[in-house]
Amino acid sequence: MSQIVDEIKQLAKEKDAVILAHYYVNGDVQDVADYVGDSFYLAQMAREDPRKTIVFCGVTFMGESASILNPDKTVIVPDASALCPMAMMVNKEKVAEMREKYDDLAVVSYINSYAETKTLADVCVTSSNAVKIVKQLPQKNIYCIPDGNLSRYIAKQVPEKNVIPGFGYCHVHDDMRYEDVEDMREAHPNAEVLAHPECRMEVLDEADFIGSTKAIINHAVNSDRDEFIVFTESGVGHELQKLAPEKKFYFMGEGYQCKNMKKITLESLRDCLKAGGPVLKVEEDVRLKAVPSLERMLELGSN
Ligand code: 13P
Ligand code: SF4
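Position 301 of the sequence shown, counting from 1, maps to 295 under this note's numbering, and the rest follow consecutively.
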């Protein structure tokens, strides 16, 4: 084990800290984490693990959600500048307008959003539970923010609802196009196409399987096929290669990486453990208003 890995493990032990990492962060950071997963799994583990400090290796909305759900724990992040641009693509006035327009409306916020947005929502969702949760909502009209692509995917899966998409998008996934699927299929004719629901419908319509990062990994590992074209951030390739070293995975190039996730390094992880910060803390009045939408997600998503 390298010196820095030893140091991180020792510091985590001393500080009673659990290290959570999303599949999009650098592979060496994933390797040192206690839990690696998709957004829903990590939100669950932040709640379930008894340790007093959570180190969240991912973009800040993830740590912020952990902090909202666990007020008795300290949540620290290796890089507080690792923001998710999509999480900010929300217009508060538009939400109020929708509430005014429809009596029978649920505001559904993707977990990729900041605390203030969560205060406006009836429930939060992640890519792994969005369809399941929207199906369970009593309301007919669903205003789904911020991700328009995820909203259109939900709309297709839950045709009995009137899903109104938000205007946000993840630039990493939204840049992947129909022509890329065509080119990749031509280059790898025996590969199965797997896609994340943050992709455009023109990509999803061509995919053989659609799911969250964790669902994509489970599908590829358990499939009897041995080649896969994967339309999501290439960080998931680390776990895929680990779990299925004999299989081949093809991703879009380096230009399709999430630069914010890649800000998390072993050095920044070690330094934040050493310093005990930066700490992610939401104002208590905001936290109290944001917590019900996240709690409802944990409840409906686990049903
Ligand atoms: P999941 O890991 O929940 O599929 O989310 C993907 C993502 O974009 C996180 O930022
Ligand atoms: Fe945000 Fe997209 Fe990066 Fe996920 S991959 S953190 S949605 S920019």
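Just so you know, even glycine gets a beta-carbon here, dropped at the ideal spot from N, CA and C.
Check: Residue 16 in three-state terms, based on DSSP; Outcome: strand
Check: Whole-angstrom distance between residue 222 and residue 188, CA atom to CA atom; Outcome: 7 Å
Check: Sequence-distant residues of the same chain with beta carbon closer than 7 Å to residue 208, five excluded per side; Outcome: 31, 32, 35 and 122
Check: Backbone secondary structure at residue 221 - three-state DSSP; Outcome: strand
Check: Residue interval of the alpha helix (DSSP H) (run including residue 331); Outcome: As displayed, the chain neither begins before -5 nor continues past 297, which places residue 331 out of reach and without an answer.
Check: Nearest candidate by alpha-carbon position, reference residue 49, set 109, 259 and 169; Outcome: 259
Check: Ligand 1 heavy atom lying under 7 Å from the CB of residue 190; Outcome: yes
Check: CA-to-CA distance, residue 0 to residue 227, given in whole angstroms; Outcome: 28 Å
Check: Expected contact under 8 Å - CB spacing of residue 53 and residue 61 to nearest Å; Outcome: Between residue 61 and residue 53 the Cβ distance is about 14 Å, and since that is not below 8 Å, they are no contact.
Check: Reduced DSSP category for residue 304 - H, G, I as helix; E, B as strand; rest coil; Outcome: Beyond the ends of the chain as shown, which are -5 and 297, falls residue 304; an answer cannot be given.
Check: Endpoints, alpha helix (DSSP H) assigned at residue 51; Outcome: Per DSSP, residue 51 belongs to no alpha helix (DSSP H); it is in the beta strand (DSSP E), 47 to 51.
Check: Residue 244 - containing beta strand (DSSP E), residue span; Outcome: 242 to 245
Check: Residue 80: CB within 7 Å of a non-hydrogen atom of ligand 2; Outcome: yes
Check: Rounded C-alpha distance that separates residue 21 from residue 117; Outcome: 32 Å
Check: Ordered list of alpha helix (DSSP H) runs contained in the region 236 to 275, each at least 4 residues; Outcome: 260 to 269
Check: Rounded separation between residue 294 and residue 274 - CA only; Outcome: 26 Å
Check: C-alpha distance - residue 100 paired with residue 198, whole-angstrom precision; Outcome: 25 Å
Check: heavy atom of ligand 2 below 7 Å from residue 197 C-beta; Outcome: no
Check: Residue list, Cβ distance to ligand 1 heavy atoms smaller than 5 Å; Outcome: 32, 33, 120, 121, 206 and 207
Check: Three-pair Cβ contact test at 8 Å for the region 245 to 256 versus the region 166 to 174; Outcome: yes
Check: Strand pairing of residue 78, partner residues [DSSP]; Outcome: DSSP output for residue 78 lists no bridge partner at all.
Check: Separation of residue 17 from residue 131, as counted between CA atoms; Outcome: 29 Å
Check: Ligand 2 heavy atom lying under 7 Å from the CB of residue 167; Outcome: yes
Check: Classification of residue 276 by the beta-carbon crowding that lies within 10 angstroms, buried from 16 upward; Outcome: buried
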